[in-house]
Amino acid sequence: MTDAGRHPRITIHTLSEVADIKGYVGSFEVKIVKKARYVDEKACTACGECAKVCPVVRPDEFNIGLSSRRAIYSPFPQAVPSAYVLNPQECLGNNPVVCSKCLEACEKKCIDFHMSDQTLDVRVGTIVVATGLAPHDPRPLDEYGYTRFENVLTSLEFERLVNAGGPTQGQLVRPTDRRHPQSVGFIQCVGSRSARRGKAYCSNICCMNTVKSTLVLKEHYPDMAVKVFYIDIRAFGKGFEDLYTRSRRQGVHYVRGLPGHVEALPDGRLRVAVENTASGSLEYYELDMLVLATGIEPAPSTQKLQEMLGLQLSTDGFFLEAHPKLQPVDAATRGIFYAGCAEGPKDIRESVTQASAAAVRAIRLMQADRISGEAITSEIDPALCKACGKCAEVCPYNAITVDTKKKTPAQVAKAACSGCGTCAAECAFGAITMHHFTDVQIGDQIDTLLDHDPAHKILTFACNWCSYAGADYAGVSRLQYPPNVRLIRTMCSGRVDEKFIWQGFRNGAPVILVSGCHIGDCHYIDANHWTVKRVEKVHKKMEKRGIRPERLQLEWISAAEGVRFAEVMARMEQLRRSVTQQEIADTVAILNK
Amino acid sequence: MTKPISIPASQSEDTPKIGVYVCHCGLNIAQTVDCDGVAAAMAEMPDVVVSKGIGYACSEPGQREIREDIATHGLNRVVVGSCSPRLHEPTFRQMLEAAGLNPFLLEMANLREQCSWVHMKEPAAATAKAHDLVQMAVARARRLQPLEAPSMPMTQRALVIGGGVAGIQAALDMADNGYDVVMVEKQPSIGGVMAQLDKTFPTMDCSI
Chain D
17 MTDAGRHPRI TIHTLSEVAD IKGYVGSFEV KIVKKARYVD EKACTACGEC
67 AKVCPVVRPD EFNIGLSSRR AIYSPFPQAV PSAYVLNPQE CLGNNPVVCS
117 KCLEACEKKC IDFHMSDQTL DVRVGTIVVA TGLAPHDPRP LDEYGYTRFE
167 NVLTSLEFER LVNAGGPTQG QLVRPTDRRH PQSVGFIQCV GSRSARRGKA
217 YCSNICCMNT VKSTLVLKEH YPDMAVKVFY IDIRAFGKGF EDLYTRSRRQ
267 GVHYVRGLPG HVEALPDGRL RVAVENTASG SLEYYELDML VLATGIEPAP
317 STQKLQEMLG LQLSTDGFFL EAHPKLQPVD AATRGIFYAG CAEGPKDIRE
367 SVTQASAAAV RAIRLMQADR ISGEAITSEI DPALCKACGK CAEVCPYNAI
417 TVDTKKKTPA QVAKAACSGC GTCAAECAFG AITMHHFTDV QIGDQIDTLL
467 DHDPAHKILT FACNWCSYAG ADYAGVSRLQ YPPNVRLIRT MCSGRVDEKF
517 IWQGFRNGAP VILVSGCHIG DCHYIDANHW TVKRVEKVHK KMEKRGIRPE
567 RLQLEWISAA EGVRFAEVMA RMEQLRRSVT QQEIADTVAI LNK
Chain X
223 MTKPISIPAS QSEDTPKIGV YVCHCGLNIA QTVDCDGVAA AMAEMPDVVV
273 SKGIGYACSE PGQREIREDI ATHGLNRVVV GSCSPRLHEP TFRQMLEAAG
323 LNPFLLEMAN LREQCSWVHM KEPAAATAKA HDLVQMAVAR ARRLQPLEAP
373 SMPMTQRALV IGGGVAGIQA ALDMADNGYD VVMVEKQPSI GGVMAQLDKT
423 FPTMDCSI
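Protein chains in written order, with this note's numbering: chain D, 17 to 609; chain X, 223 to 430.
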């Protein structure tokens with residue numbers, strides 16, 4: 017921590033959040049909102065005189081409310097930066113009549129009530145997302161009595177209680193009577209491995225964190241009775257099994273089974289009922305203290321950042337990597353990398369490993385002062401362009417300029433174009449060529465796949481980032497679905513031109529599926545909004561022409577939704593079976609009129 | 223970082239000379255799909271000069287075989303039916319570049335993730351699908367044009383969002399290698415959840 021604080025090349029903005037990010041690899045324009053600290057970060061020597069005179073007492077967040085702090089405070093002794101911070105919501109204000117005692121106490125005169133929030137604009141080439149985790153909140157499902165019994169703690173509260181820098185100087189005491197507990201129980205998988213009672217995934221660190229805690233307890237209090245209630249212990253990492261064996265050898269009692277019921281006894285102790293699945297018996301334990309090994313959840317900022325950067329999330333809610341094996345720290349968006357629990361629950365060792373990997377992946381791009389950009393871009397033929405302005409309207413990147421009044425043809429700024437192809441799909445005059453995914457190319461693909469036996473085929477358009485990746489994920493998972501599906505890949509569902517759909521039906525396609533990223537997840541900001549509009553438009557036209565609109569389907573499938581992809585394909589096959597040869601022939605006749 | 227690509231006029235203007243390679247991927251594809259049969263059918267298509275099954279297209283011998291065919295037959299478009307382009311498109315694009323072709327003259331058909339692995343019990347239908355997918359790729363390949371990636375400036379500065387153990391490590395590694403790092407942390411101190419922990423496994427030492 018201090019190394020990072022002292023490093024001449026690292027600028028740390030605390031009390032800060034990323035408000036907006038625009039741009040692309042090499043030139044991300046970042047807007048940072050830095051909240052006022054009300055203490056000069058550089059001048060403050062952390063002498064603490066200000067806090068001594070502050071009359072406002074509040075729960076200390078760092079100790080999870082197990083101790084108190086003042087309205088002006090140091091987050092914790094080793095904080096970086098070490099400067100104190102003033103909470104303006106708690107402070108009585110700088111009115112000398114009311115308070116302003118800290119101002120008088122501060123010799124360095126580094127407290128400034130007039131400090132205001134700052135907005136900083138920074139340009140960066142790469143981004144490492146290391147937004148961390150949120151511990152599972154055990155309050156909503158209160159079966160272990162966390163909200164009812166004071167002697168039930170979370171694992172993080174327990175950490176603060178046994179920490180030498182914590183509220184009790186490392187003395188483990190029972191909250192109700194401040195006495196050393198004689199017996200402590202740990203309940204595993206609180207909020208993990210159960211979709212009903214939290215999250216379905218394993219939080220990865222809780223088993224070893226508990227094993228560690230039992231060793232800490234046995235070291236300080238060898239006679240303490242320590243029990244662990246568990247489903248199974250996952251001690252898979254280097255040196256982990258050794259720690260687990262040591263814990264058992266030191267007399268920690270591991271009971272296989274999660275408690276079904278916890279009640280408080282009159283003396284404050286807790287009575288735990290558990291079905292021991294190893295012995296097959298119902299057992300009762302009376303314990304002085306219970307610790308809930310709470311799981312790891314995605315940080316609350318995850319979704320905002322995901323939308324800001326157009327990233328993907330896995331079904332667990334953590335950030336989704338570009339490839340689970342081969343690009344485990346890369347985001348699908350070039351120049352963005354993941355480190356730590358932002359990408360999934362992991363311990364410190366794994367977080368450090370991933371962070372170093374992310375750093376190297378970023379350096380790999382940053383080592384030269386120029387990089388190659390997107391080759392797959394659109395181009396406008398000025399001879400065909402009518403300067404209607406539609407392409408500029410739909411471009412998510414404002415990469416197209418056109419003067420609709422003077423009727424000067426539209427132009428694409430190559431560096432800003434990301435290649436979604438929405439402009440080409442919306443151009444009514446055929447003036448836009450989407451390179452590598454041209455009208456002719458996609459048209460030829462449609463013709464080829466419907467050349468023979470079209471009635472038995474399912475024409476599917478899939479976007480590169482979500483639904484095509486979802487199809488790949490179905491493959492990796494070996495999910496079986498009807499073999500008559502044929503995918504045409506486009507970079508974005510926004511590329512799917514109305515004329516591709518008509519061409520498909522004209523060639524005898526019984527059904528057509530357009531698929532893309534979920535709304536809000538579009539890799540090209542919001543290009544898939546135009547997909548929705550276009551499909552709605554085509555549906556209306558189909559109805560008018562006497563073609564059953566259901567035959568054109570629109571589905572959102574994320575890169576992590578392999579199961580959903582297979583389900584959608586099965587549903588498309590059912591739909592296909594509902595379309596008769598006569599219906600297809602009628603459609604072909606209508607469209608050829 | 224990238225060398226400028228000079229595109230010989232012949233690549234875009236000549237009649238397409240397509241090479242088709244249907245990868246067995248060991249048995250990953252070949253167990254379900256009749257790869258050699260699909261390759262033989264493609265040989266009959268217009269503009270296809272070479273069409274063959276290949277053990278592992280991505281392996282060095284596989285790539286060498288394709289590179290040699292490019293030289294021998296003057297191929298100017300390559301179709302590889304193998305795994306997902308999301309996996310090996312960069313591999314094969316590099317191969318084309320090494321053979322003197324523009325990397326965008328490559329087309330892939332997804333015969334593994336989207337065919338053999340998802341229709342494992344229906345080899346005939348999977349083979350029919352593979353046939354269609356490769357044929358569609360050939361149709362697309364015929365129309366491929368060389369593309370040039372524009373060169374863009376790279377700001378040699380990184381943003382690290384989050385000042386926990388992962389953010390700190392990433393920032394230090396980049397800074398130690400000479401890059402400026404801007405770290406954004408919403409709390410008043412960096413350290414994250416790690417700083418709240420007492421001892422940490424497996425070393426049982428303190429966290430800070």
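All C-beta atoms, glycine included, are put in the ideal place defined by N, C-alpha and C.
Between the CA atoms of residue j and residue i - distance to the nearest angstrom
i	j	result
S295 (chain D)	Q496 (chain D)	40 Å
C436 (chain D)	R365 (chain X)	19 Å
E235 (chain D)	T226 (chain D)	14 Å
E344 (chain X)	P470 (chain D)	19 Å
K274 (chain X)	A331 (chain X)	14 Å
F256 (chain D)	F129 (chain D)	50 Å
S98 (chain D)	Y40 (chain D)	35 Å
D236 (chain X)	N298 (chain X)	8 Å
R264 (chain D)	S367 (chain D)	27 Å
A399 (chain D)	T420 (chain D)	15 Å
H341 (chain X)	G296 (chain X)	36 Å
Q253 (chain X)	S304 (chain X)	13 Å
I573 (chain D)	T393 (chain D)	25 Å
Limits of the unbroken alpha helix (DSSP H) element including residue i
i	result
A392 (chain X)	V387 to D398
D463 (chain D)	D455 to L465
Q319 (chain D)	T318 to L325
Q590 (chain D)	G578 to R593
L298 (chain D)	Premise fails: L298 (chain D) lies in the beta strand (DSSP E), S297 to L303, not in any alpha helix (DSSP H).
Contacts of residue i in chain X (Cβ-Cβ under 8 Å)
i	result
Q496 (chain D)	V340, H341, M342 and K343
K228 (chain D)	K421, T422, F423 and M426
I28 (chain D)	G385, M405, E407 and I412
E33 (chain D)	V406 and K408
S372 (chain D)	Q391, A392 and D395
Other residues of its chain near residue i: CB distance less than 6 Å, five sequence neighbours each side excluded
i	result
H555 (chain D)	P565
I430 (chain X)	A417
K320 (chain D)	none
A87 (chain D)	C70, V72, N103, E106 and C107
T163 (chain D)	R155
Within chain D, partners of residue i - CB distance below 7 Å
i	result
T377 (chain X)	G42, S43, R139, V140 and G141
Cβ-Cβ separation, residue j to residue i (assumed contact under 8 Å), whole Å
i	j	result
I364 (chain D)	T422 (chain X)	6 Å
I240 (chain X)	V301 (chain X)	6 Å
L318 (chain X)	L327 (chain X)	6 Å
A358 (chain D)	A315 (chain D)	7 Å
S219 (chain D)	G311 (chain D)	3 Å
A121 (chain D)	E65 (chain D)	4 Å
G510 (chain D)	A441 (chain D)	6 Å
G273 (chain D)	V288 (chain D)	About 10 Å; that fails the 8 Å criterion.
C443 (chain D)	C407 (chain D)	6 Å
7 Å Cβ shell around residue i - same chain, five flanking residues per side excluded
i	result
P226 (chain X)	Interpretation of P226 (chain X) is limited by its pLDDT of 41, a score under 50 that renders its predicted location unreliable; the figure taken from the coordinates is listed afterwards. If we look at P226 (chain X) and ignore the five residues flanking it on each side, it has no Cβ neighbours.
A180 (chain D)	G186
G536 (chain D)	E323
D76 (chain D)	S83, S84 and R85
V178 (chain D)	G186, L188 and V232
L336 (chain D)	Q328, L329, S330, A575 and A576
Contacts of residue i in chain X (Cβ-Cβ under 9 Å)
i	result
Q187 (chain D)	Per Cβ cutoff of 9 Å: no residues; Q187 (chain D) is ~12 Å from chain X at best.
N220 (chain D)	In chain order: nothing, as chain X lies at least about 12 Å away.
Opening and closing residue of the beta strand (DSSP E) in which residue i lies
i	result
S273 (chain X)	V270 to I276
M374 (chain X)	S373 to P375
N332 (chain X)	L328 to N332
N292 (chain D)	L286 to N292
C205 (chain D)	S199 to V206
G39 (chain D)	S32 to Y40
S43 (chain D)	S43 to K50
Own chain residues within Cβ distance below 8 Å of residue i, not counting five before or after
i	result
H23 (chain D)	none
T224 (chain X)	Residue placement at T224 (chain X) is poorly supported in this model, since its pLDDT is 39, which falls under 50; the coordinates are not used for a value here.
V548 (chain D)	I535 and L570
beta-carbon residue i near the ligand GTP non-hydrogen atom, thresh 7 Å
i	result
M224 (chain D)	Within the structure as shown, the ligand GTP is missing, as the structure has no ligands at all.
Interface residues of chain X facing residue i [CB-CB closer than 7 Å]
i	result
I464 (chain D)	One point to set straight first is that residue 464 (chain D) is Thr, not Ile, in the sequence displayed. In chain order: Q357, M358 and A361.
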